[in-house]
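Participant:
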């Protein structure tokens, strides 16, 4: 099959063997798969991040249930925000059949262990024509929900989880730093929960516009007005949660510098490099920093429901579509925030 | 009066003018004042820390109720862990009289604003013969409690506050990194609350012994056994709170590296320098970092009560006594953890 393949931290399009479903698994055709910012980060900072993980695991008791790490010198097909149609079933599959449209938390498991879909040598992710999914994790897409929207379940779940972890409640206010997909997902989730005011900051006019469409009360260009000033102007008294959704070095310190006393900082951007902070900034104002990752199965299912019943409408996110051959160019294009928020990979039907 | 004076980040003993109580204030004779590790840090890293505070305040709306910063080129008498005897009262004082023995949160206020006792050009702290305190903040020492123990109210309150902020509860476990006074105060407070197991780590045998006396269940030399291994051996399942009570660069990262999934890190050590972390360590395990500072008036009063009624016995803390002339040498001696935990300054009665 055709796939966008990463090897040695380089991306290229190639033909690779079709995957085959094992017991309890289904073979699917990818209908749509979102390109995630962390895939872009991985190409650049993957080696650093991988070394850190290896170092940590070396100091721990071996955990056979931990997701297996990929070998960067072997092929990896990324893509973990997918919506697929079942085209074949493996032994023992009873609840799914050909034609079912499904999504899944991006994990596969078999007799050899747990494999993170999109970050695995054994299981290709969604930047390919075909994927293998476990029946147990597959969720059927409610009738009427287009595959292009269902593919947003995973990134929305990231926002839903960050918002849940922040324990933000009605009566609190929020600042969202960075209006890429993760920041936008946080905004949409908070808006659905009736939390506000929400101040959103991004350098890009296009992304600020998306933030407004998805539910930010005020958007600022941080070069013109610091987000914290905008918050002070419209509120300045409610307990504040700052969502750091940029994920580059220096952003945690920036959030700490703007934070008022007792603020909570949610780190939802994925910075894979070493970073610098002044602990005194946190000490003087008794800040808390909560790092978050992923989501629970309930949050994933809840996000699919919210998209299906229209409580959250992420269609404005969708700014471009490419086929598999277009994936490398899409990675390059995503560097320009004026052009794109979320690009979907839709493999060309042969 | 005689005082240990800091000027231009240098400490020396000198004669300075006696302070005078204003309206609502009392003049006191210092009976005992503990030397705090943050005073040692201040001599070395004060300028860096001061610049950061100035930078932050420049970006904020002026707050006349914020504690005033001292001018480092002018005299500062440090010492904020004091117990004093009233020897004179200012206009309007009704609830205190000569002979009363008191402590106070280390803050003074007057018509010119709020002044942090021990970090002020206007109000000398406890490394001097005399101090001026506000009647409103003074707490009488219960009968029978020696001044040398009452002086521990402030550092105990720091531990009580950190433990309260951690939201640690019975059923949780704790690791305390660093068994200086702050770490020991956290241990004593948790022990009083019935929380455990408590694993305490310090390079110094003397400090590990103090940690055991004050309530740690297991003490380790981190060169021989990582604290996290000791925790795994005796527990390894309860939700874990790691108290970082060392306060030097690299300790937050160290706590993040050892932390299991969902652990909370309480930063109670005061690191005044820039520090480096890998955010990925926090992201992968969804850690939270809570910075803490100070205490509430209720926590301060509660600490005085716990010392007075014997629920917490910090007498083992007290490892040395000096008079004012001995303060500079005591600062030097505190660099050696084998010799001292807490040195009290007891001005010689003339």
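Protein chains in written order, with the numbering used here: chain E, 164 to 513; chain P, 164 to 513.
Idealized CB from N, CA, C, for every residue including glycine.
Going by alpha carbons, who is nearest to residue 355/P out of 477/P, 270/P, 435/P, 184/P?
Facilitator: Working through the second chain from its first residue, we reach residue 355/P at position 192. The shortest Cα separation from residue 355/P among 477/P, 270/P, 435/P, 184/P belongs to 477/P.
Participant: Interface residues of chain E around residue 212/P at Cβ under 8 angstroms?
Facilitator: The count along the second chain starts at 1 and reaches residue 212/P at position 49. The contacting residues are 443.
Participant: Within 8 angstroms of any Cβ in chain P, is that where the Cβ of residue 330/E sits?
Facilitator: Locating residue 330/E in the first chain gives position 167, counting from the first residue. No - not a single Cβ of chain P is within 8 angstroms of the one on residue 330/E.
Participant: Using alpha carbons as the reference points, say which of 419/P, 491/P, 334/P lies closest to residue 400/P.
Facilitator: As a position in the second chain, residue 400/P is number 237, starting the count at 1. Per the Cα distances, 334/P.
Participant: Is residue 366/E closer than 8 angstroms to residue 385/E when the C-beta atoms are compared?
Facilitator: The sequence position of residue 385/E within the first chain is 222, counting from 1. The sequence position of residue 366/E within the first chain is 203, counting from 1. Their beta carbons are under 8 angstroms apart, which means residue 385/E touches residue 366/E by this criterion.
Participant: If distances are taken between C-alpha atoms only, which option among 344/E, 370/E, 378/E, 493/E comes closest to residue 353/E?
Facilitator: Within the first chain, residue 353/E is the residue found at index 190, counting from 1. The shortest C-alpha separation from residue 353/E is found at 378/E.
Participant: Residue 197/P and residue 235/P look like a contact to me (Cβ under 8 angstroms); what is the Cβ gap, rounded to whole Å?
Facilitator: Taking the first residue of the second chain as 1, we reach residue 197/P at position 34. Taking the first residue of the second chain as 1, we reach residue 235/P at position 72. Incorrect: roughly 23 angstroms between the Cβ atoms, too far for contact.
Participant: Check distances from the C-beta atoms of the stretch 420-437 of chain E to those of chain P and list, in chain order, the residues that come in under 7 angstroms.
Facilitator: Of all residues in the stretch 420-437 of chain E, 420, 430, 433, 434, 435, 437 have a Cβ within less than 7 angstroms of some Cβ in chain P.
Participant: Residues of chain E with CB closer than 9 angstroms to the CB of residue 439/P, please, in chain order.
Facilitator: As a working note, residue 439/P is residue 276 in the second chain. What residue 439/P touches in chain E: 437, 438, 439, 440.
Participant: Thinking C-alpha only, which one of 396/P, 398/P, 343/P, 231/P is nearest residue 371/P?
Facilitator: Stepping through the second chain from its first residue, residue 371/P is reached at position 208. Nearest of 396/P, 398/P, 343/P, 231/P to residue 371/P, Cα basis: 343/P.
Participant: Do residue 349/P and residue 307/P have their beta-carbon atoms positioned less than 8 angstroms apart in this structure?
Facilitator: Numbered from 1 along the second chain, position 144 holds the residue referred to as residue 307/P. Numbered from 1 along the second chain, position 186 holds the residue referred to as residue 349/P. Taking 8 angstroms as the Cβ cut-off, residue 307/P and residue 349/P do not qualify as a contacting pair.
Participant: Pull up the distance between the alpha-carbon of residue 457/P and that of residue 300/E, whole angstroms please.
Facilitator: Taking the first residue of the second chain as 1, we reach residue 457/P at position 294. Taking the first residue of the first chain as 1, we reach residue 300/E at position 137. So the alpha carbons of these two residues sit roughly 48 angstroms apart.
Participant: Counting only Cβ-Cβ distances shorter than 7 angstroms, please list the residues of the stretch 273-298 of chain E near chain P, keeping chain order.
Facilitator: For the stretch 273-298 of chain E, which is checked against every Cβ of chain P, not one residue is closer than 7 angstroms.
Participant: For residue 405/P and chain E, any beta-carbon pair shorter than 8 angstroms?
Facilitator: Against the second chain, residue 405/P aligns to sequence position 242. Chain E contact via Cβ: absent.
Participant: Could you name the residues of the stretch 452-467 of chain P whose beta carbon sits closer than 9 angstroms to any beta carbon of chain E, in the order they occur along the chain?
Facilitator: The residues in question are 452, 453, 454, 455, 456, 457.
Participant: Against chain E, does residue 450/P count as a neighbour if the rule is that its beta carbon must be under 8 angstroms from one of theirs?
Facilitator: For this step, residue 450/P is matched to residue 287 along the second chain. It does; some Cβ of chain E falls within 8 angstroms.
Participant: Does residue 398/P come out as helix, strand or coil in the three-state DSSP assignment?
Facilitator: In the second chain, the residue the question calls residue 398/P occupies position 235. The answer is coil: DSSP assigns residue 398/P none of H, G, I, E or B.
Participant: Can you grab the Cα-Cα spacing for the pair residue 428/E / residue 219/E, in whole Å?
Facilitator: What you label residue 428/E is simply residue 265 of the first chain in a count that begins at 1. What you label residue 219/E is simply residue 56 of the first chain in a count that begins at 1. If you take the alpha carbons of residue 428/E and residue 219/E, they lie about 25 angstroms apart.
Participant: Around the C-beta of residue 186/E, are 16 or more other C-beta atoms found within 10 angstroms, so that it is buried, or is it exposed?
Facilitator: For the purposes of this step, residue 186/E is taken as residue 23 along the first chain, with counting starting at 1. With fewer than 16 other Cβ atoms within 10 Å, it is exposed.
Participant: In the DSSP assignment, find the alpha helix (DSSP H) that holds residue 283/E and state where it starts and stops.
Facilitator: To locate residue 283/E, count along the first chain from 1; it is residue 120. First-last for residue 283/E: undefined, no H or E at that position.
Participant: Under 7 angstroms Cβ to Cβ from residue 481/E, same chain only, skipping five residues before and after it: list those, please.
Facilitator: Within the first chain, the letter at position 318 stands for residue 481/E. 311, 505, 507.
Participant: Can a CB atom of chain P be found closer than 8 angstroms to the CB of residue 397/E?
Facilitator: Taking the first chain and counting its residues from 1, the one referred to as residue 397/E is at position 234. No, no contact with chain P.
Participant: Do the stretch 273-282 of chain E and the stretch 227-242 of chain E touch if we need at least three Cβ pairs shorter than 8 angstroms?
Facilitator: Result yes; three or more Cβ-Cβ pairs closer than 8 angstroms.
Participant: Under 9 angstroms Cβ-Cβ, which residues of chain P neighbour residue 447/E?
Facilitator: Taking the first residue of the first chain as position 1, residue 447/E is located at position 284. Under the 9 angstroms cutoff, chain P gives 215, 216, 219, 454, 456.
Participant: Give me the chain E residues within the contact set of residue 415/P, using Cβ-Cβ distance strictly less than 7 angstroms, ordered along the chain.
Facilitator: As a position in the second chain, residue 415/P is number 252, starting the count at 1. The answer, in chain order, is 442.
Participant: Are residue 252/E and residue 189/E closer than 8 angstroms when you measure CB to CB?
Facilitator: For the purposes of this step, residue 252/E is taken as residue 89 along the first chain, with counting starting at 1. For the purposes of this step, residue 189/E is taken as residue 26 along the first chain, with counting starting at 1. Contact: yes.
Participant: Just to confirm, are residue 425/P and residue 402/P a CB contact at a threshold of 8 angstroms?
Facilitator: On the second chain, residue 425/P is found 262 positions in, with the first residue counted as 1. On the second chain, residue 402/P is found 239 positions in, with the first residue counted as 1. Cβ distance < 8 angstroms, so residue 425/P and residue 402/P count as in contact.
Participant: Output yes or no for whether 8 angstroms exceeds the beta carbon distance between residue 289/E and residue 176/E.
Facilitator: To locate residue 289/E, count along the first chain from 1; it is residue 126. To locate residue 176/E, count along the first chain from 1; it is residue 13. The answer is no: Cβ separation not under 8 angstroms.
Participant: Exposed or buried, which one is residue 274/E when buried takes at least 16 other CB atoms within 10 Å?
Facilitator: Stepping through the first chain from its first residue, residue 274/E is reached at position 111. Exposed.
Participant: Going by C-alpha to C-alpha distance, which of 212/P, 216/P, 472/P, 304/P sits closest to residue 259/P?
Facilitator: Mapped onto the second chain, residue 259/P falls at position 96. Minimum Cα distance to residue 259/P is reached at 304/P.
Participant: Less than 8 angstroms between the CB atoms is what I'm expecting for residue 434/E and residue 410/E, so what's the real figure, rounded?
Facilitator: Taking the first chain and counting its residues from 1, the one referred to as residue 434/E is at position 271. Taking the first chain and counting its residues from 1, the one referred to as residue 410/E is at position 247. Their Cβ separation, rounded to whole angstroms, is 5 angstroms, which keeps residue 434/E and residue 410/E in contact under 8 angstroms.
Participant: Should residue 200/P be labelled buried (16 or more other beta-carbon atoms within 10 Å of its own) or exposed?
Facilitator: In the second chain, counting from the first residue as 1, residue 200/P sits at position 37. So residue 200/P counts as buried.
Participant: For the beta strand (DSSP E) that contains residue 514/E, what are its first and last residues?
Facilitator: No answer is possible for residue 514/E: the residues shown for chain E start at 164 and end at 513.
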